[in-house]
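Mapping of the sequence shown onto mature numbering (1 follows the signal peptide of the UniProt record, and there is no 0): residues -45 to -1, 1 to 229, in sequence order. Beta carbons are placed, not taken as given, at the ideal position from N, Cα and C, and that holds for glycine.
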Amino acid sequence: MSHTAHIRSHRKPRRSASTLAMRAGVAGGVLGTLAVAGAAGSANAAEPVTQTLELPTLTADLAAQAAQSADATQQAAANYQLQAERDAAAAKAAKQAKSDLAEAKQKAAAAKKKAEEAARKEAAARASRNAERTTLSTTADAGSTSTSTSTGTSTATGSAAAVISFVKAQVGKAYVSGATGPSAYDCSGLVQTAFKQVGISLPRVSQDQSTAGTQVSLSNLQPGDILYWGSAGSAYHVAVYVGDGMFVGAQNPSTGVAEKPLSYDPPTGAVRVL
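Encoded structure:
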């Protein structure tokens, strides 16, 4: 027998397989529990992160909706403003049209009144000319014209003879509105130029020539008197009386300067400047 046989071995005794298996199972259970706890802890820890990630998405949606609402509101406001401007323009146009219509009516009324006044004046002038024509015809038929009226150009002397000689020399020349000779005349241009030959300055137009000098009766005409047609101060035609019931005037573009009897177109009145 060995001298060490009575001493117990210092080796740890081997554990049995069942003991090892039990310990392994306990360790596995502990580790599994820790793993579950860790996973749960990880899940709980990750939950705020998930909520944090969803919040910007929700905020962005609200911002987009707010922007769309603002755009819609702005567009509606622009539409209202455009409609208001259109309504204001329509109201302004209607007001202007009403004003223009009133003005047009006023002008039409004024034009109508003016036309009626001109018609009355023309009727009065026509009546006066007809009356004078009747007087002249009656006087001529009765052979009771005055010595002055029946005086021939052969008895005209001085300035009157010079005026008559000049206008008779122009017979046959053309009538041109505004002309004062020497190749063409209008009615007042012929009269003005004729009297200029004897140093008498007359107004240019027939209206003014009909009031120059002294008004004389058509029954007391003398050679050299100025005849006028229309009212004194508004005459539309003038000529020169040359005696023997004749006158010379620049009549119109068709006849030019012509010598005609008083019965051709009886004048309204006469003035004497010689």
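- Considering only Q177, G144, K123, the residue with the shortest C-alpha distance to V131 is G144.
- Approximately 18 Å separates the beta-carbon atoms of A190 and S156; this is outside 8 Å, ruling out the contact.
- If you keep only unbroken alpha helix (DSSP H) runs of at least 4 residues inside the segment 31 to 70, you get nothing at all.
- Scanning its chain for C-beta atoms nearer than 6 Å, with the 5 sequence neighbours on each side dropped, one finds no residue around A48.
- In the structure shown, the three-state DSSP call for V226 is strand.
- Ranked by Cα distance from V212, the options A32, F121, A43, A57 are led by F121.
- Looking at the DSSP output, V171 bridges to A225.
- The C-beta separation of P222 from Y183 comes to about 6 Å, placing the pair in contact by the 8 Å criterion.
- If you draw a straight line from the Cα of G224 to the Cα of A64, it is about 34 Å long.
- CA-to-CA, the gap between K128 and K50 works out to about 59 Å.
- Sorting T169, A124, D16, V153 by C-alpha distance to the C-alpha of G204 places A124 at the top.
- A straight-line Cα-Cα distance of about 11 Å links Q206 and Y219.
- Counting along the chain, I155 sits inside no alpha helix (DSSP H), nor does DSSP assign it H or E at all.
- Per DSSP, reduced to three states, the secondary structure at A117 is helical.
- In this structure, T169 and G188 do not form a Cβ contact; the two beta carbons are roughly 14 Å apart against a cut-off of 8 Å.
- With a cutoff of 8 Å on beta-carbon distance, Q164 and V193 are scored as near each other.
- By the CB criterion at 8 Å, I119 and V171 fall outside the cutoff.
- Inter-residue distance for A149 and F202 is about 13 Å (C-alpha atoms, whole angstroms).
- One Cα belongs to S114, the other to A59, and the distance between them is close to 55 Å.
- In this structure, the straight-line span from the alpha carbon of Y140 to that of K151 is close to 14 Å.
- Under DSSP, K215 forms a beta bridge with F202.
- Our two residues, T112 and C142, have alpha carbons roughly 24 Å apart in a direct line.
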